Amino acid sequence: VQATKAAARAGKIEAVEFLLPQIINKDLRDSGCIEAAEAAASGGHMEVCKFIVRTISDAHRDRCCILTAKHAAKHGDIGSLEFLTAIENFALEDSRDECCLMALQYAAMYGQLESTTLLVERRLSECVRDEGCASAVCFASIYNHLAVVKYLMPQISDPDLKERCCKTSVEPSIRKGHFAVAEFLIGSISDEATKHQYCRTYVDCAVNEGFDQVQVKNSLFTIFSLDKTAADFHEKCAEITSLVQGAAYQNLDSDEDLKAAAELAAKRENFCNAISKINKITKPVTRDQCCSRVIDLAAKFYQWETVKSLVKAMQNEFLRSQCSMKAVESASQSGNIDTVRFLLQHVATEDLTPECLKKSIQTAAIHGHYEVVEFLVGKITCQELKDESCRNAAMHAAAWNRLALFDFLVKQISSEVLKNECCFDAAMEAEAMEAESRSRIYLEAEILCLRAVTDGIRRDEYCAKRYETADEMKLNDAVRFVELIEDKDKRDQLSIKLANTAIYRGKWKVATKLLQVASEPYKIIICRRIAESAVNEGSQIFSIAEKIPDAWLRDQFWMTAAQASTAKPEMLRHILKTIQSNSSRAEPNGSDGAEAAGIPPHWLAENSPLLGMLSNEAISGDNSWLSRTLAGMQATQIIQLLFLALTYDYVALARAVINSEYFSSELVNQQDASKATALMLASENGHHELIQLLLNARASVHLRDRQGRTALSRACEEGHVRAVKALISWGADINHCDGRGRTCKQLADQNPQLIIFLGKNKESAKIPNAERDRQLSESLHQLLRLAGFTRERAVLQQCLAELLDGVARGLSVNGCNITGSFAEGWANSLAQVNGKTAADSDIDWTFLVEEPVFHLEGGCKCNRSRMDSRPLNVVQGHALVDSGAGCQPAVSAPASGARPAQDACHAVQCCSVYFEERIRVLLPAPNQLLPNVHLVRATRPNEFNELRVSFSFHEKQIMRNLNTVQGQLFVIIKFIFKRYLPHTLATPGLKTYHAKTLLFFMLEKHGMHNASKWEF
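The numbering of the sequence shown is full-length UniProt numbering, which starts it at 1 and goes up by one.
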C-alpha cells in the first residue's frame, strides 16, 4: 500500500498497475486506493488517478471521486473532471452532488472559469445549484477572481439567497483590496440602505489605498449603474457626491507623492491603483524610476500583464533594458515563456550579461521549465558561455530530479571532457541529496547522470565505489550500479559477489535480476546457486522460478533444483510436476497430469546427481522414476542414457534400462560419437553380466569403434577375463586386428591368464562360420530330441487326441472336432512332449452346425438353380454376409483338475474345400480326401457383417504329416513368436497362425517331402 501511494504520488502508472493486484486484503486495497488516488490527483497525475478510480470497488468509489475531483477542478483538467463527476461513478445522487459542490468551490478558489462552467451547467443538480453557486461566489471573491464571480451571480435563481451571498462576500473583498470584485458585488445588492452602507466602507478603504476623489467617484458611478436618461439620475448623483465628499483624501499633488503612493499600492498588490498613480506622474525620470520599482514588485507577484504594460511605458532605454533583464529571472522561474520572450526583446544586446542568462537558465532548470530553458540556451551565441551555463544548469536539474532537462542540457555541451565532468559532478550532487533526503528520486537522477558519461573507465570506478558504499539493505540500488559497469570482468565479479549476498539474505528478486546483468558463463553460475539455495525454501521455490525471465535459464534452474532434491523425493516430484504442467499449458493439446512426469532427458546429459539417484533406485529394485523417465524419451535418448550409465559404472541403472520395456534390440547396436557401442563400453569396464544381457538383445560383436577396436579388443586391452569368455562364446573374432594392427592377444600382453585363454581358443576360432552354424544347429536338434520333439512322440500325441475326439463325439449331441496344437501333435507344450498340455495352452474344439450350408464364390461347384442362397463373396479370407454375427470365435473354459483349459468354437459348414490346389501341395497323398472349409464368427479390424473362412481341419492334416525336423522348426518358430519377440521387440499381437503361415511358406518353397532340404 505504501509503495502504491508513493508510485501514485510520482505519477508512475506502470508501477501502480503492478502493485495494486498484489494487495490481497480487499478493505486494505480500497483504503489504499483512496489515499493513492488523492496523492496522484494532488500532484496533477490525473491518468493515474483515473486508473485507480476504475479499479476501486463500487462501495468506495464515491468517496474516492469526492476527494480527487477537487484537484481536477483546481488544475483545470476538464477531461478528468468530467470523468470523476460522471453519474456512473456514484451509487447515490447525494454523493455526486457532494463531489460537484466541493469541486466547484476549488474551481472558484483557483479561478478556473471553464471548470466552474462545466460543473454548474452539466453536473450540479437543480436542488443544490443555487447553494453551490452562492458558496463558490464567496471563495471566488476572497481570491479576487472577478470573471468567476460575474459568471456565478446570474446562476443564482433565488433572489434572497443572491442578496445574502452579496452581503456575505462584499466586505471580505473590500478589506482585501479587491475593489473590482467589490464594485460588482455592491452593484448587485438590491436593498438601497445596505448598498449605501457598503459604499461608505468601500470609499473608506479605497481612500486608504490611495484612490483619489475622481477614481472613487467613477467607481461609485459603476456601482450605481447611473443612466443619464433615468428619472432619478440627479438624485443618485447627489448621493454619490455626499459619499465622496465625506472622505479624507490624500494630497497627491507632487510627483514624489504619486510615486510613493504607487509603490505602496504595488506592495499591497493593488497594481491597478499603482498604474493609475504612475500615469499621473509628469516627470519622465520620476515615472521611469517608479515603473522600475513597480515592475520589480509585479514580477515578484507574477503579474506579467502589469510588467508588460509598465515596460512599454518606460522612456529611458537603458533603464528599461536593465529593468527587463532583472524581470527575466522571475519570468523564467514562473515558466512564462511569452513574458520571457517579451522581456528579452526589450533588453539591449550590449546590456544582456552572461550572468543574467546563466542565472535565468539555472532558475528555469530548477523549476523544470523545459521550453524556457530551450529558448534561453538558444539565445547564447558564445559556445564557451553555453557550455558553462548548461553545465551549471544541468547540475541543478539533476539535483532537483529534472531528468529530461538534464538530458537536454548535457547534449548542448560541446566538450566531451566538460560533459563528463558535468555528469560526474551532477551524479555526486544527486548522491549528496539522496543521502540528505533519503529519497529514491535522486538515485534515478544519479543513474541518469552516469548513463550520460562517455568515459567508461571513470564510470566503472565510480560505480564500483558506489556499489561498495551503497546501503547494505538496498541491494536493488547496488544492482543499478553494477549494470552500468562497462568492464565485463569487473561486472561479472561484482554480479557474483552481489548474488551471493542476495541469496544469503533471501532477496530472490535481486538475485534473479542479476541474471540479466552477468555475462553468459556467470549467468549459469548465479542461476545454479539460486536453485541450490531455493530448494531449502520449500514451496517458495516456484515463485522464485517465475522471476527468471529467460526460458533456458529457468530450465537450468529447475535442473539444478532437481539435482539438489535427490534426497527429497516429494520436492523432486513437485518440481517435475510443475515442469510438466507448464509444458502442457504451452502445448495446444496438453493436459495436466495427476502423476509427475519423468526426468527431462537433457538433464541426464552428464554425471549429475540425478543419475546417481536413478542408480540407487535400481539397486533397491524401485524403478518408478526410471520408468517415467524412459516413457518420455526418444530412442536415441534411451541409448544415450545407457551410454552414461556404462561410462560412469552405474551397473544397476544400465541393467534396469536394458531390461525395461522401452529398450529394444534395434537400439543395442547404436554408436556414440567415438563409434563405441553399449557392448564395447560394458566390455571395457568388465561388466560381464551386462555383456550377457546385451548379447541376448542381439548386440553385435563385430562392430568397430573409430580406432578399429571391437568389444573383444577393448575387453582384452583392459584384461577382463570373464568379459572375454562371454564375447568369444558368442562368436567374437579373436584374430581381429585394431586400427594399429594389434591383435587381441597383443592387447592382453599384461594379463598372462588372458593370454593362455586366448591361446586355447585360437584354434577353435579358425573354424568357418558355416561349419560353426552347422554344429550349433546339430546341438539344438539333439536338445529338442531329448525334450521329446520327435515324429514318433508327435504321432502318440495325435493318437491321444483321436481317442479323446472319439469319446467326445459319443457324448456330444452336435458333431464336434478336436483341432489346434493338441490334435496336431506339435507345440502343445514348448518345453517337452510327454502328453501334458502347457499351462498357457489349451484344447480347441470346433462344433459344426448342420444347417444352413453356405456357398463361397470361387469355390462352390453346386448347381446354382438348386441353391437356397446366393454364393458369398470372399475378401481377404472373410465371407461377406448381410448381417453381423459378432467377432468372438471361441468360448473359453478354464482348466479343472487334470483337464487343461478348453476353447469351444461353433462353426457353419460350407459346401466346398476352397483353394484345394494350394492345400494339396502341402499334403503327401495327391488324392487324399479333404474336408470342407467352415465359417467362424470373426471379422477384420473395424469391419462388420462378415465371417472368417477357417482351414483348421486342413491345418490339422498338414501338421500331422510333418517329420521331426519340420516339427522342431515349427516349435522354434512358435517359441520365437509367442515367447521371445513379445518381450524383446514389444510385439504382443503375434499368434500361432503367424508361425504356421511362415512354416507353410517354407514347406511350399522347399518342398514338403524334399529330404535333401530338410535332413542334415
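By construction, the Cβ of each residue, glycine as well, lies at the ideal position given by its N, Cα and C atoms.
None of these values were measured; they are calculated from a predicted model.
- Checking the DSSP bridge columns, you'll see Phe854 partnered with Cys910.
- Cβ-Cβ distances below 6 Å link Ala652 to Ser615, Ala618, Ile619 in the same chain, with the five nearest sequence neighbours on each side left out; the list follows chain order.
- Residue state for Arg791 is assigned as helix, using DSSP reduced to three classes.
- Asp903 sits in a strand when the DSSP states are folded into three classes.
- In this structure, the beta-carbon distance from Ala103 to Ala136 does not fall below 7 Å.
- The bridge partners DSSP lists for Phe847 are Cys816, His906.
- The beta carbon of Gly43 is closer than 7 Å to those of Arg9, Gly11 in its chain, skipping five residues each way along the sequence.
- Judged by DSSP in its simplified three-state form, His878 adopts strand.
- Here the alpha carbons of Val510 and Ile485 stand approximately 17 Å from one another.
- If you look at Val137, you'll find it in the alpha helix (DSSP H) that goes 126 to 142.
- Under the DSSP definition of a beta bridge, Leu804 lacks any partner.
- Non-local C-beta neighbours of Ala907 in its own chain, meaning closer than 8 Å and more than five positions away in sequence, comprise Thr846, Phe847, Leu848, Val849, His934, Leu935, Val936, Ser950, ordered along the chain.
- Contact check for Gln333 against Thr363 passes: the beta carbons are separated by less than 7 Å.
- As computed with DSSP, Val936 is found in a beta bridge with Arg948.
- Taking a C-beta distance under 7 Å as the contact criterion, Val181 and Leu146 qualify as a contact pair.
- Between the beta-carbon of Gly897 and that of Asn834 there is about 18 Å, and that puts the pair past the 8 Å contact cut.
- Partner residues in the beta bridge of Val891, as assigned by DSSP, are Ala904.
- For Arg341, the closest of Glu371, Leu784, Val120 by C-alpha to C-alpha distance is Glu371.
- Ranked by Cα distance from Asp288, the first of Ser80, Ser321, Ala365 is Ser321.
- Burial is judged here by how many other beta carbons sit within 10 angstroms of a residue's own beta carbon; Met867 has fewer than 16 and is exposed.
- Under the DSSP definition of a beta bridge, Leu712 lacks any partner.
- Distance between Val668 and Leu1003, taken at the CA atoms: about 33 Å.
- In terms of CA proximity to Gln746, Arg709 leads the group Arg709, Ser169, Ala723, Gln782.
- Under the three-state reduction of DSSP, Leu653 is assigned to helix.
- Arg293 and Ile366 have their alpha carbons spaced roughly 26 Å apart.
- Shown here, Leu872 sits in a strand according to DSSP, grouped into three states.
- Using a Cβ-Cβ distance cut-off of 8 Å, the segment 872 to 888 and the segment 808 to 824 are not in contact, since fewer than three pairs of beta carbons, one from each stretch, lie closer than that value.
- In the three-state reduction of the DSSP assignment, Ser157 falls in the coil class, being assigned neither a helical nor a strand state.
- The alpha-carbon separation between Leu357 and Ser276 amounts to approximately 33 Å.
- In the DSSP assignment, Thr743 is bridged to Cys737.
- Taking a contact to require three or more Cβ pairs closer than 8 Å, the segment 980 to 990 and the segment 936 to 947 do not qualify as touching.
- Per the coordinates, the alpha-carbon of Glu305 lies some 16 Å from the alpha-carbon of Ala265.
- Per the coordinates, the alpha-carbon of Leu553 lies some 49 Å from the alpha-carbon of Ile78.
- For Val48, the enclosing alpha helix (DSSP H) begins and ends at 46 to 55.
- Excluding its 5 nearest sequence neighbours in each direction, Leu475 has C-beta neighbours in its own chain below 8 Å: Leu498, Thr501, Ala502, Arg505, Lys507, Val510, listed in chain order.
- About 18 Å separates the beta carbons of Val701 and Gly739, which is beyond the 8 Å limit, so they are not a contact pair.
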